[in-house]
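Down below is the structure, laid out as C-alpha cells.
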Amino acid sequence: MRMIANFSMYPNTVMIGVSHSNRSHFKSTQFPAYTTFDNVILPAYTNINNVIGRRFVHKTSSEVLLERGSNVVSNGQLPNFPSSSYEAAMEKLSSLITRQRRGEKPPLPNKLGRMSMYLKILGLEEDMNRLKIIHVAGTKGKGSTCIFCEAILRECGFRTGVFTSPHLIDVRERFRIDGIDISEDKFLECFWDCWNQLEEKATEQLPMPPLFQFLTILSFKIFTSEQVDAAIIEVGLGGTEDSTNAIKEPTVCGITSLGMDHTEILGDTLGQIASHKAGIFKPKVPAFTVPQPPEAMDVIIERAKELMVPLEVTEPLDCKQMKGLTLGLSGDHQFYNAALAVSLSRCWLQRTGNWEKVCQNDSNLPDDFIRGLSSTHFSGRAQIVCDSSLYSDCSEIMSENCGELIFYLDGAHSPESIDACAKWFSNAVKGYKNPSHLSISVENTEESSENGHFLHESKALGQFENSSRLILLFNCLDVRNPNILLPRLVNGCSSSGIHFSRALFVPSMSKYTKVTSGASVIPSDLSGIELSWQFNLQRIWEKIVHGKEMTTLLEKDFKAESKLMLPPNEFLYDNPSKGCPSHNYFPSSAVIPSLPLTIKWLRDCVREHPSTRLQVLVTGSLHLVGDVLKLLKR
C-alpha cells in the first residue's frame, strides 16, 4: 500500500494481527449509545436457495450474531401486515420508475438538495449523521468490495448494514442486515413509514422521489432503525450527483477500478469519469483506491489534495496472506477488491476506536479478516449453479442417464467486466470436470493463473471429460455496445483455448418499468414480444464467428412463424458445418423468444443426450442473471 496524500490529518498506522477475540462484549462497548439485546450465536448462516427443488447452502460467515428469530432490532411488536402488503409495496415502487431513457438528464434538477429535504421530512438527518459509513464508488467491483467489507466486519463482531444495487430477484436483496436480506416485515415497516410521510408532503415542487433515490432514503431509514454499527453504502451511478452522496460525514471512502461505463452521463474520458467517482470524497476523510490508469489517477489525486483527503492506493492481496484459505468470490480481479475492502475495514476500525479491541498480535492479516474474505458470497457474480432438476426423474442422483447442465453466471456488462468474466469462465471450465450435485459449493483445488494468483474451482472425475458443449446465453441492455462486448468475450475465452459451441440470445423476463418480488408470477404470454434487439445480437455474433453478415431474411422468416418456435435439440450437438440457416437459428446461434422456454429446452436437450454435459455461460446483464436464478430456484 502506498500513501498518495497525507497532510498529517490521519495517523499513519500499521496493520497488525489479531487473535480470535471474544465478540460478545462489542455490543455494549463499541458504541455506548446503543442498547444491548439478548442474542444467540447461530451456526454459519447460509444464503439458503431452494435451487430447483433441492436446498443448497452458501456459507457467508463462520458465525452470525442475530436477535432470536429475526434480523431486526425492534422496540416493540412489528405491525401485522396483510399478505398483499408486499405486492402493494412493489406496485408503489414501480410507480417511481422514471420514464426517461437511460442517459437522459433527470427532469428535476438539484437531486442532492431534494434528498436533503426528503431526509428532513423523515427526521433522518441527525440519525444518518450518527451512522459509521463506508462509502464506495467505482466502475467495477464496488458491490463485491462492499460485500467483502460486510463479511470482515461481521467476523470482527459488528452489526452491519449493506446497501447495494441492483437486485437480482427481490428488491430486499439491496438491504442486508448481518449478511441477510432484510426481513419482509421489517422492510414493510420501514417502507410504509417512508412512503406515507413523503406522499403526504409531496408537492409539485417536491414530488415523490424517483426509484433509486427512494431506495437510498429507505436504506438510511432501515440502517438507523436497525442500529447497525457499520453502514456500507454502494454508489448507484457516478458519485458527485448520486443520491448516496447525501452522506455528509462518512467514516471512510473507497474507489474501485475505473473504466468506460455510463459514458452518456459521466463523460467519455477516464478523467471525466474519475472526477464523478472522486465526488464522494469529503474534507479530511480518509480514502482508498486501487491502481488506476494514469488519466484517472491524476484526477483522483488532485481531488484528494483539494479536500485534504489522506489517500492511499492498495495493491492486490497476496494469496499467501490467506493462510491456505481462498477468497469467497472467484476471479483474479477479486484480489484487488479484497485488498481495498481490507484497507477500508481496517480504517473503519481505527476511526471508530475499535482496532485495538480486535487486533491483539502482529499477524499481517487478522484471522477475522481472513475468515470474512473466505466466507463472502455474492449471487450472480462468478457463480456456478448445477441444475439438479434433471435428477427428479432418476432413481439415483448420479445416474448416468440424467446428463448434466451447469450454469456459470456473471452479470458482466462493461468491457472491463466482460474481460474478467471471460478469464474466470475459461479457468472455471478448464478446472471443472464433474461437480457434485449435492451442493452448489465446489471442492477446491488450486490452479495457477496468469498473474500468479490462484483460482480455485472444482475438480473431480469425469464421464463427460471428452463430451462437453460450451453454450453462451446472452443479453444486454440496448444502451450497451454489443459490438464491443461480444468480441471481447470471444477473444478473451479463445485466448485461453475456450470456444463456444453455440450462442443463444434471449430477452430478459425483467421489465424495466416494474419492480417485482421473488414470488412474482413468471410471465408466459409471448404476444407482442419484441426480438429485434436479439436478432441484432445474433448478427453481431455470426459476423464474429464466420466473418460475414447475417441475412435479414432470417428475422423475417421467424416473425412469420410461431413465437414458440425452438431449434431442434440436435442443434446443440451437430457439427456447425452441417447446418444451414433456418427460421430463428443459424449453425452457431439461435434467438429464442422466452427465457423460461430456453431453460426448459436446455433441460430437454440434456435428457435426450445424457452423455454430453452442457456448460452454459450466462452474462451480459445482471437482469438476465437474476432471471435465470429466479427460474432455477423455482
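Just add 5 to wherever you are in the sequence shown, counting from 1, and you've got my numbering. Glycine included, each C-beta is placed from N, C-alpha and C at the ideal position. Computed from a predicted model, the values in this text were never measured in an experiment.
Mind pulling the alpha helix (DSSP H) runs of 4 or more residues that sit fully within the region 208-259?
Counting only runs of 4 or more residues that sit fully inside the region 208-259, the alpha helix (DSSP H) segments are 216-230, in chain order.
Identify whether S537 lies in helix, strand or coil by the three-state DSSP scheme.
The three-state secondary structure of S537, taken from DSSP, is helix.
Indicate the three-state DSSP secondary structure (helix, strand or coil) for A417 in the structure shown.
Judged by DSSP in its simplified three-state form, A417 adopts coil rather than helix or strand.
With a threshold of 16 other CB atoms inside 10 Å of the CB of V484, please say whether the residue is buried or exposed.
With fewer than 16 other Cβ atoms within 10 Å, it is exposed.
Assign D186 to one of three DSSP states: helix, strand, or coil.
Strand, per DSSP.
Indicate the three-state DSSP secondary structure (helix, strand or coil) for L173 in the structure shown.
Coil.
Does the region 408-416 come into contact with the region 381-396, if we say contact requires no fewer than three beta-carbon pairs (one atom in each stretch) closer than 8 Å?
Counting C-beta pairs closer than 8 Å gives three or more between the region 408-416 and the region 381-396, which meets the contact rule.
Applying the criterion that 16 or more other CB atoms from any shown protein chain within 10 Å of the CB defines a buried residue, is F563 buried or exposed?
Any reading at F563 is ruled out, since the residue's pLDDT is 47, under 50, leaving its predicted position unreliable.
Would you call T521 buried or exposed, if buried means 16 or more other Cβ atoms sit within 10 Å of its Cβ?
Result: buried.
Check for me: the alpha helix (DSSP H) holding V623 runs from which residue to which?
Premise fails: V623 lies in the beta strand (DSSP E), 618-624, not in any alpha helix (DSSP H).
Smallest Cα separation from A279: which of S394, K287, K289, I306?
With distances taken between Cα atoms, A279 lies closest to I306.
Simplified DSSP state of K145, which is helix, strand or coil:
Strand.
On a CA-only basis, which of G146, R618, G184 is nearest R159? Give me that one, please.
Taking the Cα of R159 as reference, the smallest distance to any Cα among G146, R618, G184 is reached at G184.
Coil, strand or helix - L509 by DSSP:
Three-state result, L509: strand.
Taking C-beta to C-beta, are L536 and P512 nearer than 8 Å?
Judged by their CB atoms, L536 and P512 are nearer to each other than the 8 Å cut-off.
Secondary structure at T268, three-state DSSP: helix, strand or coil?
Helix.
Using 10 angstroms around the beta-carbon of H382, count the other beta-carbons present and answer buried if the total reaches 16, otherwise exposed.
Burial call: buried.
Closest to A597 by CA distance: which of V318, R507, F374, L127 is it?
Per the sequence presented here, residue 597 reads as Ile, with Ala not at that position. Measuring from the Cα of I597, the nearest candidate turns out to be R507.
Spatial neighbours of L173 within its chain, please: CB distance less than 7 Å, with the 5 preceding and 5 following residues excluded, ordered by chain position.
Cβ neighbours of L173 beyond the five flanking positions: S384, G385, L627, V630, G631, L634.
Per the contact definition of three or more C-beta pairs closer than 8 Å, is the region 165-181 in contact with the region 230-238?
They touch, by the three-pair rule.
What does the alpha-carbon distance come out to for the pair E5 and E254?
Since the first and last residues shown for the chain are 6 and 639, residue 5 lies out of range.
Using DSSP with H/G/I as helix, E/B as strand and the rest coil, what is S167?
According to the sequence shown, residue 167 is Val rather than Ser. If DSSP states are grouped into helix, strand and coil, V167 belongs with the strands.
Short check: CB of I2 to CB of K206, under 8 Å?
A query on residue 2 cannot be resolved here, the shown segment of the chain reaching from 6 to 639 and no further.
Whose CA, out of I252, T245, T294, lies closest to the CA of I270?
Comparing Cα-Cα distances from I270 to each of I252, T245, T294, the minimum goes to T245.
Just reading off the alpha helix (DSSP H) that I489 is part of, what are its end residues?
Counting along the chain, the alpha helix (DSSP H) containing I489 begins and ends at 487-499.
Does the Cβ of I534 have 16 or more other Cβ atoms within 10 Å, making it buried, or fewer, making it exposed?
With fewer than 16 neighbouring CB atoms inside 10 Å of its own CB, I534 falls in the exposed class.
Bridge partners of E307, per DSSP?
According to DSSP, which records beta bridges pairwise, E307 is partnered with nothing at all.
If distances are taken between C-alpha atoms only, which option among R181, F163, F340, A156 comes closest to G377?
Checked all of R181, F163, F340, A156; the closest Cα to G377 is A156.
Whole-angstrom distance between L354 and S422, CA atom to CA atom:
Going from the Cα of S422 to the Cα of L354 covers about 31 Å.
Under three-state DSSP, which class holds R73?
Unreliable placement is indicated for R73, whose pLDDT of 28 sits below 50; the coordinate value is still reported in the next sentence. Coil, per DSSP.
Pop quiz: G243 and H267 are said to be a contact at Cβ under 8 Å. What is the actual Cβ separation, rounded to whole angstroms?
Confirmed, about 7 Å.
Can you name the residues that DSSP bridges to T331?
Paired residues: none, contrary to the question.
Determine the DSSP secondary structure at T294, reduced to helix, strand or coil.
Under the three-state reduction of DSSP, T294 is assigned to strand.
Quick one: measure Cβ to Cβ for S599 and Q543, integer angstroms, because I've assumed they're closer than 8 Å.
The pair is not a contact, with the Cβ atoms about 16 Å apart (cut-off 8 Å).
Looking at the secondary structure, which residues open and close the alpha helix (DSSP H) in which F5 lies?
As shown, the chain starts at 6 and ends at 639. That puts residue 5 outside it, with no answer to give.
Could you spell out where the alpha helix (DSSP H) holding Q339 opens and where it closes?
Here the alpha helix (DSSP H) through Q339 covers 339-356.
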